[in-house]
Amino acid sequence: LPGEVQARYSTPLSFRVGGKIVERQVRLGDAVTPGQIVARLDPADAAKNAASARAQLSAAQHQLDYAKQQLDRDRAQARENLIAATQLEQTRNAYASALAQRDQAAQQSALAADQLKYTTLQADHAGVITAERADTGQNVSAGQAVYNLAWSGDIDAICDVPESVLASLAVGQRASVTLGPLPGQTFDAVLREIAPAADPQSRTYRAKLTLENPKPEVRLGMTANISFSNASANGAATYTLPATALFHDGKEAAVWVVKPQEDTLELRRVQVLRYDARTVTLTQGLQPGERVVWQGVHAVSAGQKVRAVPPLHPEDFAS
């Protein structure tokens, strides 16, 4: 199946505030590290807002200090019965109001400082810049993508699986991947995800495979050719048989195997990996090249001599 190499995770990088881009420090294909600055907005307006918020906080703090002094003085005078109780209550209210205004100004100052910090765009993860979405001098809004970042780490091979192939695939199945730009090299992969629903246009299912130990020369966006093998996640071979071939020996699944040369039957216990509508996929109990009984499994017995005949409906038993 044709496919493409992609990063496991890819995210847009965007500012948390709007403004005019005045500097971009990375370009397409550059590698970045966590916390690295990749772009800046014009900080003039945000810096003014932050300075204004700090000034308001300073004024609110002075008002609070004055209100505290007034409260301490009135409390002392109230103990000497030099002022009325109503005046002390008014002083307490003034202090409480000044405290609330100071706290509000502190929050506004912290918010303005964050807005100023947000004019600098940093990479959240290590990775590679795979797209540039905005240019220097451009005005962008909050959340508008400036770059696309493909994370370092796991690399996937992506392909679209037609309905006719879907039944033969299972998560954990192994595959081999060849890449167009790297002829003669084959990479091992494991199927990790199959889309639960088909694409409404192509009627195919998106499959994602993890490349095992990809070499440094494997680049994102390379074209791939993916061949699925009959192997489970632990490397054991798998075999897909018609569901009619399965026989249950008590609670154990089994199949009738035809002994070579003797053409007699042997009941062989197997392990079922997956049940499908008309087939079963087995992971243990069989060897390559062995013959099994597809029909009439309940009408035969161990040691019985048999001969091969075509199935009644061959189209129902495509493996």
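Numbers 1328 to 1646, taken from our numbering, label the letters of the sequence shown in order. C-beta: ideal position from N, C-alpha, C; glycine also. Owing to the predicted nature of the structure, the values given are computational and were not obtained by experimental measurement.
Ignore the nearest five residues each way along the sequence and tell me which others in residue i's own chain have a CB closer than 6 Å to its CB.
i, result
"R1618", "V1585"
"Q1631", "L1592"
Ordered along the chain, which non-local residues of its own chain (more than five positions away) have a Cβ less than 8 Å from that of residue i?
i, result
"L1547", "V1332, Q1333, A1334, V1455, T1457, A1477 and I1482"
"G1612", "A1581, V1582, R1595, R1596, V1597 and Q1598"
Give the secondary structure of residue i by DSSP, where H, G and I count as helix, E and B as strand, and everything else as coil.
i, result
"A1484", "strand"
"A1386", "helix"
"N1408", "coil"
"D1372", "helix"
"A1570", "helix"
Classify residue i: buried if its beta carbon has 16 or more other beta carbons within 10 angstroms, exposed otherwise.
i, result
"P1541", "buried"
"Q1500", "buried"
"R1595", "buried"
"A1411", "exposed"
"L1438", "exposed"
"I1364", "exposed"
"A1427", "exposed"
"G1480", "exposed"
"L1409", "exposed"
"A1536", "The sequence shown places Leu at residue 1536, rather than the Ala named in the question. Classification for L1536: buried."
"Y1532", "buried"
At a cut-off of 8 Å, is residue i close to the ligand HEM when judged by its beta-carbon and the heavy atoms of the ligand?
i, result
"Q1449", "As far as ligands go, the structure on display features none, and thus does not contain the ligand HEM."
To the nearest whole angstrom, what separates the beta carbons of residue i and residue j, a pair I think is in contact under 8 Å?
i, j, result
"A1440", "G1362", "That pair is no contact at about 18 Å."
"A1469", "V1344", "5 Å"
"V1620", "A1581", "Actually they do not touch by this definition, with Cβ atoms about 11 Å apart."
"V1504", "A1516", "5 Å"
"S1529", "D1576", "Actually they are not in contact, since the Cβ atoms of S1529 and D1576 sit about 44 Å apart, beyond 8 Å."
"T1565", "L1609", "7 Å"
"L1506", "V1545", "7 Å"
"L1448", "F1342", "5 Å"
"S1554", "A1484", "Actually they are not in contact, since the Cβ atoms of S1554 and A1484 sit about 11 Å apart, beyond 8 Å."
Would you mind reading off the limits of the beta strand (DSSP E) that contains residue i?
i, result
"A1581", "E1579 to V1585"
"N1420", "Here N1420 belongs to no beta strand (DSSP E); instead the alpha helix (DSSP H) covers A1412 to K1444."
"A1496", "Reading off the sequence shown, one finds Leu at residue 1496, where the question assumed Ala. Counting along the chain, L1496 falls outside any beta strand (DSSP E), and DSSP gives it neither H nor E."
Terminal residues of the continuous alpha helix (DSSP H) containing residue i?
i, result
"V1620", "That residue, V1620, is in no alpha helix (DSSP H); it is neither H nor E in DSSP."
Report all residues from its chain with a CB closer than 7 Å to the CB of residue i; omit the five preceding and five following residues, and keep chain order.
i, result
"A1358", "V1455"
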